[in-house]
């Protein structure tokens, strides 16, 4: 059974608590590590041995490795308090005595309470932590579960380069040099800076020398010199004036598109000249063109970023998109061809030709990061194929050269004009064009080095096709006909439904065509739908977009995915589940995102790839599946893989009804904190009887209390004797009457009544609407009258311990986490989407009784800590051991109500629950698939229950 990281963390926490008193090396080491391996569901004796004898290569010295996993891990264990540095030196010595094939990647030294893990393949990177914190660092041991997927970091990109240009931008803007001229000036300067260090301009640094030696220190003539230079770069050498200064004439002709058109002269100061010189002295030869995205972000303020929904992309994250979209398949295909014994050259020629026919389209391209990295990877593949086609060999003279040498200019046929994009803003659109030229030059240099040539595409001729326009308004086929397109990809704007302006909201509703209120789709959904429409004329096109995770959980799933599945005929070909999306620029944007790759079902891959993140800031673990649901988990448990959970107005699972708590709509006039209540009662003692404790989710979870006047049942003659209360009533009446909402205006005629009144007479269960995603369980529990729950709590007036047991179980938490929506990243509980749709288990009276006993044990464990709030009790770092154990026992019992075999992870739980949900809403369709699963179900039932 392969465990999920949520289960592994729980096991790690329990392990730490069980071994918190361990001290003695000889007596406890083997039991300690047997239990440690069990955290990961691994039987230690299947992979590792104790007391492995090793001997020095050059002497008779011998030693014993405390625990040895060949090729993976050495453990050197010490008693508590012993020197771990000495243990590390001893382990390193044993490492050197091992045969190379058995030398492991990791060394762990430990004295039970202190742990030190060293990764020898990562320059000896060290991780140190205490036993009690094992659950926080347990993902560092992902090597125990098999090789993790890693993605290259953004090599060569320097934030310093972007910051240097950002300083120049800010100085020019502050002086009044703004708008189109400023943007064009920056784009041209960026090209010159890059060209000065990469061989486009020769000799190297002639641009630096021009500014340093031929402009005045006060900067007064820098703007004029730059304009003269741009004219030169726009003029062929044969058309230049004979009187042109030699320092300008030394620059090559680049092309008319980049430098055409004269800019308003920028008047530099000495400080501005200094910023330009600092940028020119920086070594741009190591700067990837992907820096342009970071540059653009660095010169936008945070308000603009949010308004445009712009979240900028690291190189590593781009590879997460283009790898499964096309790159991995091309790499695998080339590897097969290179390994062929016969017909290799012919197949290489076909492969090279096919690369020239691929086209790539980013309909929200920004500064071109996706296009740039995709082009770089395509050129690298081309070069690898060319090197295989014309391998190096030794000639008769002893000189190594390539067989059948051809001119690289004829060999390399992949060009930037295979790349297309649409960008709303002009500045990034122009940056994207320049970035593609820069990447083209880098690729040409690599070709030159491999083939000992001197090839450059100067003057620039081919160009990426970047359209400055609104991608949701422009017909994509006008830029790139679908029959010519291979891949659609990118990172569209994320803007949530509540943050869209009127135009954006209208665009989404028009494209989605949902009718009625128009739905609540995020802005990014429009790109998915428009891409789905685009592929109808070429069903071989593959799609991959970065998105907020809200399109795959919560209410948006039922709005978006029937369009993509049914209207557009798409299937999920690969996906990355939620991970943290960071930027490498000033004012970093960090959001939680997913990546979804789509294919038309006429050409969908047989195997779907799913990347899951045990640590949302770390690397993913890959799994393969026959089909994936819209919620990004395996569809094997359902007959209809297109099934989506729809909001229900009543429970469809046989459960009792829950409602929102009281919602006064009083403008705050009836609500008091403790101090306000005390002052009010001092002035109006007769109001005490009408003042009740009032709790929302904040007070319920974190402690504290507010108070509310409850007057709807108060006798009128008593209210009339309370002038301060009457004053509050009058204020509420006036506030409601002045509201723009007609429903609120109607309430003005009955000001003592709440908009929603829920005041149970007996104890009642409450569930917070919002809870931190860090918690393993949403804290829920009972309140007693006279306390009134606010509308930030859901209320179940008539409830039992069994209801509480199911609702607080891992099963229900898994349903909430995967099917429910989120508020930012926090769990957002919903009646219609979560509670009313949750598949409850069947239970015999005996099973109910057992579960209720375990539910009471959870409440008893809470009660054992009377001074701690629910926030304290359910913080994963401070959750008491007795409460954790009580929940674990309850979880195991509830899980067994669903099936005898334990669940390895929350994802496995929700996959099972999804099948049960289908049985509730589509029982006939479910019956058609039941027969196919009888054998596997029988095998599950025979598996012994654990946990």
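Numbering (the working numbering), first residue to last: 4 to 950.
Where is the CB? At the ideal position from N, CA and C, for every residue including glycine.
Note that the structure is predicted; figures quoted are calculated from it, not measured.
- Looking only at 830, 492, 513, the smallest Cα-Cα distance to residue 548 is reached by 492.
- The C-beta distance from residue 489 to residue 532 rounds to 20 angstroms, too long to fall under 8 angstroms, and the pair is not in contact.
- DSSP links residue 694 through a beta bridge to 712.
- Sequence-distant partners of residue 195 (beyond 5 residues in either direction) whose C-beta falls short of 7 angstroms from its own C-beta, in its chain, are 210.
- Per DSSP, reduced to three states, the secondary structure at residue 277 is helical.
- For residue 823, the number of other beta carbons within 10 angstroms of its own is at least 16, and it is reported as buried.
- In terms of CA proximity to residue 885, 867 leads the group 895, 37, 867, 569.
- With respect to the C-alpha of residue 843, the residue from 351, 131, 900, 865 having the closest C-alpha is 900.
- Ranked by Cα distance from residue 87, the options 106, 104, 111 are led by 111.
- For the set 483, 765, 575, 919, the Cα lying nearest the Cα of residue 540 is the one of 483.
- Taking a C-beta distance under 9 angstroms as the contact criterion, residue 366 and residue 495 qualify as a contact pair.
- The continuous beta strand (DSSP E) containing residue 77 extends over residues 76 to 80.
- Rounded to the nearest whole angstrom, the C-alpha separation of residue 470 and residue 188 is 20 angstroms.
- The three-state secondary structure of residue 112, taken from DSSP, is strand.
- Sixteen is the threshold: since fewer than 16 other Cβ atoms of the shown chains lie within 10 Å of the Cβ of residue 629, the residue is exposed.
- The region 441 to 505 is shown to contain whole alpha helix (DSSP H) runs of 4 or more residues at 479 to 482, in chain order.
- Annotation for residue 100: the continuous alpha helix (DSSP H) segment containing it runs 87 to 100.
- Following the DSSP letters along the chain, one finds residue 53 inside the beta strand (DSSP E) bounded by residues 52 to 58.
- Of the candidates 712, 317, 655, 464, 712 places its Cα closest to the Cα of residue 679.
- Three or more Cβ pairs closer than 8 angstroms define a contact, and the region 646 to 658 meets that threshold against the region 910 to 930.
- The distance from the Cβ of residue 420 to that of residue 467 is about 7 angstroms, consistent with a contact at the 8 angstroms cut-off.
- Per DSSP, residue 212 lies in no beta strand (DSSP E); the unbroken alpha helix (DSSP H) holding it starts and ends at 209 to 217.
- The closest CA to that of residue 275, considering only 240, 344, 47, 167, is found on 167.
- Here residue 60 is exposed. Its C-beta has fewer than 16 other C-beta atoms within 10 Å.
- The residues 603, 604, in chain order, have a CB closer than 6 angstroms to that of residue 572 in the same chain once the five nearest residues on each side in sequence are set aside.
- Non-local C-beta neighbours of residue 542 in its own chain, meaning closer than 8 angstroms and more than five positions away in sequence, comprise 572, 603, 605, 606, ordered along the chain.
- Note on geometry: alpha-carbon atoms of residue 749 and residue 714 lie some 18 angstroms from one another.
- Listed in chain order, the non-local C-beta contacts of residue 699 below 7 angstroms within the same chain comprise 793, 795, 796, local neighbours out to five positions each way being set aside.
- Each of 92, 642, 439, 363 was checked against the Cα of residue 924, and the nearest Cα belongs to 642.
- Within 10 angstroms of the beta-carbon of residue 910 lie 16 or more other beta-carbons, which makes it buried.
- As the crow flies, the alpha-carbon of residue 437 is around 7 angstroms from that of residue 190.
- Just so you know, the alpha carbons of residue 723 and residue 565 end up roughly 58 angstroms apart.
- Counted as a single uninterrupted DSSP element, the beta strand (DSSP E) harbouring residue 551 occupies residues 545 to 551.
- Non-local C-beta neighbours of residue 561 in its own chain, meaning closer than 6 angstroms and more than five positions away in sequence, comprise 647, 649, ordered along the chain.
- Nearest neighbour of residue 413 by Cα position, chosen from 395, 877, 355, 473, turns out to be 355.
- Note on geometry: alpha-carbon atoms of residue 790 and residue 695 lie some 6 angstroms from one another.
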